[in-house]
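Protein sequence lines, in the order shown, are assigned to chains A and B.
Here this note's numbering is used: the first residue of the first sequence is -15, the next is one more, and so on.
Here this note's numbering is used: the first residue of the second sequence is 74, the next is one more, and so on.
Each residue gets a CB set at the ideal place from its N, CA and C atoms; glycine is no exception.
Since this is a predicted model, take the numbers as computed values, not measurements.
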Amino acid sequence: MQPSQVILTLAGVIGAFVLITTWESDQKEETSADGGVSAPSVRKPSLFGGGVTSLTSVSGKKDPSKLGSANLRGYTEKTPLMIAADLKSYSILDAVEGYPSLKSNNVAHPAAVTKVAPITDCQFRKPAEGEAIANVFIGTGSGVETGLHVVTDSGIAKSTISWFAEQHRKRTAATTWGKHIAEGALRKVDVVVTDTSAPVYLILQSVSSRILWNILPAEGVEIAHIAAVSYAPTAVNPPTPETPVEISNAFLDDCAMGPARKPADHWGFIKNMRKSGTDQNEVLANIPAWQSISSYYDEGHYREGREEEVILRGHAVHERYSNWFEERFGFPAAQDAVGIASVAHVLVGPMPAADAPKVPYRSISGSTVKISDFEHIYFGPAAERVASIAEIQNTLARQALGEDLTLVIPAIVERTE
Amino acid sequence: MSTWILRLGVLLLFGLPILLLNVTVLSRADKFTRAINGENTEESSNALMGLGRKIDSAWGNHKKNKRADAIFSAEKFTALRQVTYTQTFTVDALLADGEEAPAPEFHELWVQARAPKYMMQGCDLPLATFAQSCAFSSIDVDEKKDGFFKVTAELAYLPAYPLGDIEGKDGFSLETKHVNLPIDRSATRDIPISAADEVELDLHHAILEECTALREEKGTCAISNFQVSRKDNGNLTTIAASGTLKWLNDPAAEVTLTDRTNYQETEDSSRFAKFAALKEAAKKMMGGDDEEKPEAGGGIKILNGGGAFKSAGDGSAKFMKPESK
Chain A
-15 MQPSQVILTL AGVIGAFVLI TTWESDQKEE TSADGGVSAP SVRKPSLFGG GVTSLTSVSG
45 KKDPSKLGSA NLRGYTEKTP LMIAADLKSY SILDAVEGYP SLKSNNVAHP AAVTKVAPIT
105 DCQFRKPAEG EAIANVFIGT GSGVETGLHV VTDSGIAKST ISWFAEQHRK RTAATTWGKH
165 IAEGALRKVD VVVTDTSAPV YLILQSVSSR ILWNILPAEG VEIAHIAAVS YAPTAVNPPT
225 PETPVEISNA FLDDCAMGPA RKPADHWGFI KNMRKSGTDQ NEVLANIPAW QSISSYYDEG
285 HYREGREEEV ILRGHAVHER YSNWFEERFG FPAAQDAVGI ASVAHVLVGP MPAADAPKVP
345 YRSISGSTVK ISDFEHIYFG PAAERVASIA EIQNTLARQA LGEDLTLVIP AIVERTE
Chain B
74 MSTWILRLGV LLLFGLPILL LNVTVLSRAD KFTRAINGEN TEESSNALMG LGRKIDSAWG
134 NHKKNKRADA IFSAEKFTAL RQVTYTQTFT VDALLADGEE APAPEFHELW VQARAPKYMM
194 QGCDLPLATF AQSCAFSSID VDEKKDGFFK VTAELAYLPA YPLGDIEGKD GFSLETKHVN
254 LPIDRSATRD IPISAADEVE LDLHHAILEE CTALREEKGT CAISNFQVSR KDNGNLTTIA
314 ASGTLKWLND PAAEVTLTDR TNYQETEDSS RFAKFAALKE AAKKMMGGDD EEKPEAGGGI
374 KILNGGGAFK SAGDGSAKFM KPESK
C-alpha cells in the first residue's frame, strides 16, 4: 500500500474524530448585544472524510452599510439591510423607531383588505406638477412572510397536480395536503419615505415576487399617490386609507407593461459573459425580433447555458418596458431608481441623522391593506389560511376525479378467461 | 467516561463506514493501476485491497440479486417488469357523457386525476397475451399544443407465462436482450387503421414468443418492458413495438451480441404477412402505389422519403450522389 493511500484512508477516520470532538462547541448560538440581529451560527473549520476542506470562519454581524457580492442578477440582501439611492445601504433599525424583533416568528396579518381594480389599460395616473417622484425598482422582496395569502386558480391547479403526482408515486390516497398547499403568502417590503420637499408620487416597481409594500413615511411626508407595477400579486399598506393606490399585477402585452430590470455591469451574468469573451453584439444580432416575455418563456428559450441570450434579451425587454414607463411617467424606468435584485427594506429620501427622530414603524397587524382583485385572497393566522385553501383543493380534487376518490390509484385488473 | 463511550460509538458509526468506503474506492484504483500496467487484475496488490474488492463485489452482487429477484418473482408487481402505454388526447376524452369540460387552467389537473384509470386500457392486450394481472404504476403528462396531452403510463404486470427456474442461480448475471418487432418493419408500415387492433395483438403475441424461445434456450426469460408505438396517417397507420427481455446467465458462459439483440434476420413475416394484401388494397384505395420503379438509366434508385440515395450497381459504395442528368 502506498503512503498516500494510507494517508487518505486515515484522513477519513481522523476527519470523523475531529468532527465529533468539535461538535459540542459549534452548537452554541451567538447572540447580539442589542438583542436584535444574531450573526449566523457557523461551524468551525473541520476535516471531513477523505480530504481537507477550506471552510472560512465567519463571526460577528454583517455590516449593513456594505453590500455583499452580486449574484447573477445583482445584489440580494436580507433584513436588516435597507437599500437607498446610489446603492447606499443602512440598517432599518437605525432609521425606524419600534421596529419589531427580527427574531420574532410572529406572522403579521392585516385586519382587513380593500380590493382595488387592477390597471388593465396601461393607464396609471401621470405625476402631477409639483409632485416629487420617488422611484423604487426591485427584483424580488426578501422581507418576512405576512399573513396575507393570494392564490390564483392556476396556482391551486398546480399544487393539486403535484399532490396527485405524489399519490401516484407513493401509490397512496392521502387525506392531507402536506406541502401541496398552494403557496401565495405575500412578503413584506418596507418603504421608508423621508423626502419632505414636496408631495410624493411613489412608484413601486417589482419584477416577480408577491409583495406587500409597507409604507413608512417620516413625519411631515405627504404621499400623494402610489403606483405599484408588477407581474405578481401585489398589495400596499398605505399611510392613510385615503391615499390613492393603483396596482397592476399582470403583464400587458399591448403596452409591454411588465417590469424588467436593466442588466448592469455588476451582475454575475454580465461578468460571466465578459470572462468567457462572448461578443455581446454578435449574440444580440442573432436574437430574433422582440417578442412578449410570456411567449419568450413559454417557448422554452430560458435554459441552462443560454445565459448570454437571456441577458441580452433582458436588455431588449427592459427597453420596451422602459419605453412604456417613460411615456406614462415621463422618465426611464431605471432612472434614479432605488433597489436591487432582492431586498427587504428600501429608503426613499435622506437617511435620518443619528440625533434626529426616527421614522415610526407601522405594523401590518391590524392594518387595512389595498390589494388588486384575485380569485382567492385570505388573511389571518396560518392555520386558518391553510384550512381555507385545503378546502378549495379538496373540492377541486373531487371534481377532477369525477367524485370518485378511489380512482387516484386504479384497481388492479385481472385476466378474465 | 460516558463522553468517550459516546465518541467511540459515533466514531464506529461514522468512521468505520468512511474507512470501508475509502478501502473500496482504493481497491478500484488498485485494479485500474494493475490494468494499465499490464498486471493481472483478478489479483490484488495486498490484503487490504483484496478486502476492498470483496466489499465492492458483495455490494454489486447484492444489488443485482435484488433486481433479479424482483423481475423473476411472479407473485409481486415490480417497476422492473411493466408495459409502457402512450396515448395523446384532449380532456374531452376523459369526460362522462354530458359532463362539461373544466376551465382551461384546470385541463391538466383533470388529465392528471383521470388519466390513470383511462390509461388502464393499456392492460387489455397484455392481459389477452402474456399478463395475468395488470396494475397502474405511474404516468407522465406532457401538455402539447391545441389542448392535447401526451400521456405515458407505466403498467406493471404479473406474468401469465413461465419465467423459468431461478433456483440455484444466485451468482448468475442478469442479461438484457432488446427486441424490435416486427423484425421486418415494412410488414406493419402503412396498414389500414381497421387492422391496427389485430396488428397490436399480434405484436404482443410476438414478444411472448420471443421470450418463450429465449427461455427455452437460456432457461429464464421475463418481458421487462414492452411498448407499442403507432403513427396514423389518414386511413393508414404504421405500428411498431419494442421490448426488453431479461434472462439469467451463468457467469462462466459467454454472452454474444446476438444474445442481447435481435439483429439476426429471423423470418417473422408469417405472422404479419397476412397484412400484405390489406396494405395493397388500402394503397390502391388511397390512389397510391408503393412499388419502387427503376429509373430510366437504371443506375440510381431514389428511395421513398427522398434525401437518401443507394447504389444499385456493384455495391462497392454504400452511398453515392445521383448522376446529373
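>> Please give the ranges of any alpha helix (DSSP H) in the stretch 190 to 278 of chain B, keeping only runs that are unbroken, at least 4 residues long and fully inside the region.
In response: Note on the stretch 190 to 278 of chain B: whole alpha helix (DSSP H) runs with a minimum of 4 residues are 197 to 202, in chain order.
>> If the criterion is Cβ atoms closer than 9 Å, does the pair Asp195/A and Gly131/A meet it?
In response: It should be pointed out that residue 195/A corresponds to Ile in this sequence rather than to Asp. Going by C-beta atoms, Ile195/A is not nearer than 9 Å to Gly131/A.
> Got a sec: which bits of the stretch 101 to 126 of chain A sit with their beta carbon under 8 Å from any beta carbon on chain B, in order along the chain?
Replying inline: Against chain B - using a Cβ distance shorter than 8 Å - the stretch 101 to 126 of chain A contributes no residues.
> So, does the CB of Glu148/B fall closer than 9 Å to a CB anywhere in chain A?
Replying inline: No, Glu148/B does not count as interfacial toward chain A.
> Using the rule of at least 16 other Cβ atoms within 10 Å of the residue's Cβ for burial, across every protein chain shown, is Gly237/B buried or exposed?
Replying inline: Answer is buried; the Cβ neighbour count reaches 16.
>> Suppose the cutoff is 7 Å on Cβ atoms and the five residues either side in sequence are ignored; what does the same chain contact list for His180/B look like?
In response: Hits under 7 Å: Val164, Gly220.
> With distances taken from CA atoms, which of Arg245/A, Gln151/A, Leu391/A, Thr218/A is nearest Lys99/A?
Replying inline: Among Arg245/A, Gln151/A, Leu391/A, Thr218/A, the Cα nearest to that of Lys99/A belongs to Thr218/A.
> Applying the criterion that 16 or more other CB atoms from any shown protein chain within 10 Å of the CB defines a buried residue, is Glu283/B buried or exposed?
Replying inline: By the 10 Å Cβ count, Glu283/B comes out buried.
> Which term fits Lys291/B, buried or exposed, when burial requires 16 or more other beta carbons within 10 angstroms of its beta carbon?
Replying inline: It is buried - the Cβ of Lys291/B has at least 16 other Cβ atoms within 10 Å.
> In or out: Asp339/A buried (at least 16 other Cβ within 10 Å) or exposed?
Replying inline: With fewer than 16 other Cβ atoms inside 10 Å of its own Cβ, Asp339/A counts as exposed.
> Alpha carbon to alpha carbon, what distance is there between Ile165/A and Val370/A?
Replying inline: The alpha-carbon atoms of Val370/A and Ile165/A are separated by roughly 7 Å.
> In the stretch 379 to 399 of chain A, which residues sit with their C-beta less than 9 Å from some C-beta in chain B, listed in chain order?
Replying inline: From the stretch 379 to 399 of chain A, only Leu380, Ala381, Gln383, Ala384, Leu385, Gly386, Asp388, Leu391, Val392, Ile393, Pro394, Ala395, Ile396, Val397, Glu398, Arg399 have a Cβ closer than 9 Å to chain B.
> Under the three-state reduction of DSSP, which class applies to Ala314/B: helix, strand or coil?
Replying inline: Residue state, collapsed to three classes: strand.
>> I want to see whether chain B comes within less than 9 Å of Gly33/A, judged by CB atoms only; does it?
In response: Low local confidence applies: a pLDDT of 28 at Gly33/A is under 50, so the model's placement there is unreliable, and no value is given.
> Buried or exposed: where does Asn89/A fall if 16 or more other Cβ atoms within 10 Å of its Cβ makes it buried?
Replying inline: When all chains shown are included, Asn89/A counts as exposed.
> Mind checking if Glu178/B is an interface residue toward chain A, Cβ cutoff 9 Å exclusive?
Replying inline: Chain A contact via Cβ: present.
> Residues of chain A with CB under 7 Å from Asp209/B, in chain order?
Replying inline: Residue 209/B is actually Phe in this sequence, not Asp. Those within 7 Å of Phe209/B in chain A are Ile393, Pro394.
> So, is the C-beta of Ile145/A closer than 9 Å to a C-beta in chain B?
Replying inline: Yes, Ile145/A lies at the interface with chain B (some Cβ there is under 9 Å from its Cβ).
>> Please list the terminal residues of the continuous alpha helix (DSSP H) segment that includes Phe87/B.
In response: Taken as a continuous stretch (DSSP letters only), Phe87/B belongs to no alpha helix (DSSP H), as it is neither H nor E.
>> I need the straight-line Cα distance from Glu273/B to Phe209/B, nearest angstrom please.
In response: Separation of Glu273/B and Phe209/B (C-alpha to C-alpha, rounded to the nearest whole angstrom) is 20 Å.
>> For the pair the stretch 53 to 72 of chain A and the stretch 310 to 319 of chain A, tell me if three or more CB-CB distances fall below 8 Å.
In response: Taking 8 Å as the limit for Cβ pairs, the verdict is that the stretch 310 to 319 of chain A does not touch the stretch 53 to 72 of chain A.
>> For the stretch 243 to 259 of chain B, list every residue whose C-beta sits within 8 Å of some C-beta in chain A, in sequence order.
In response: Taking 8 Å as the Cβ-Cβ cut-off against chain A, none of the residues of the stretch 243 to 259 of chain B qualify.
> Which whole-angstrom value is the C-beta distance of Ile312/B and Val328/B, which I expect to be below 8 Å?
Replying inline: Between Ile312/B and Val328/B a beta carbon distance of about 31 Å is seen, past the 8 Å cut, so the two are scored as non-contacting.
>> Considering only their Cβ atoms, is the gap separating Pro102/A from Thr352/A smaller than 9 Å?
In response: The criterion of a C-beta distance shorter than 9 Å is not satisfied by Thr352/A and Pro102/A.
> What are the start and end residues of the beta strand (DSSP E) that includes Gly82/A?
Replying inline: Counting along the chain, Gly82/A falls outside any beta strand (DSSP E), and DSSP gives it neither H nor E.
>> DSSP three-state label for Tyr305/A, please.
In response: The answer is helix: DSSP assigns Tyr305/A an H, G or I state.
>> What does the alpha-carbon distance come out to for the pair Val80/A and Phe108/A?
In response: A straight line joining the alpha-carbon of Val80/A with that of Phe108/A spans about 30 Å.
>> Alpha carbons only, please: which of Thr136/A, Thr60/A, Ala96/A, Ala182/A is nearest the one belonging to Glu113/A?
In response: Of the candidates Thr136/A, Thr60/A, Ala96/A, Ala182/A, Ala182/A places its Cα closest to the Cα of Glu113/A.
> According to DSSP, is Gln383/A helix, strand or coil?
Replying inline: If DSSP states are grouped into helix, strand and coil, Gln383/A belongs with the helices.
>> Quick check on Ser73/A: buried or exposed, where buried means 16 or more other Cβ atoms within 10 Å of its Cβ?
In response: Result: buried.
> Who are the neighbours of Asp357/A on chain B, taking C-beta pairs under 8 Å?
Replying inline: Going along chain B, no residue has its Cβ under 8 Å from Asp357/A, so there is no contact; the nearest lies around 17 Å.
>> Please report whether the beta-carbon of His164/A lies at a distance below 9 Å from any beta-carbon of chain B.
In response: With 9 Å as the cut-off, His164/A does not count as an interface residue toward chain B.
> Would a check of beta-carbon distances place His152/A closer than 9 Å to chain B?
Replying inline: Chain B has a Cβ within less than 9 Å of the Cβ of His152/A.
>> I believe Glu204/B touches Ala233/B by the beta-carbon criterion, under 8 Å. Please report the beta-carbon distance rounded to the nearest angstrom.
In response: Here residue 204/B is Ala; the residue named in the question, Glu, does not match the sequence. Rounded, the Cβ-Cβ distance is 6 Å, consistent with contact.
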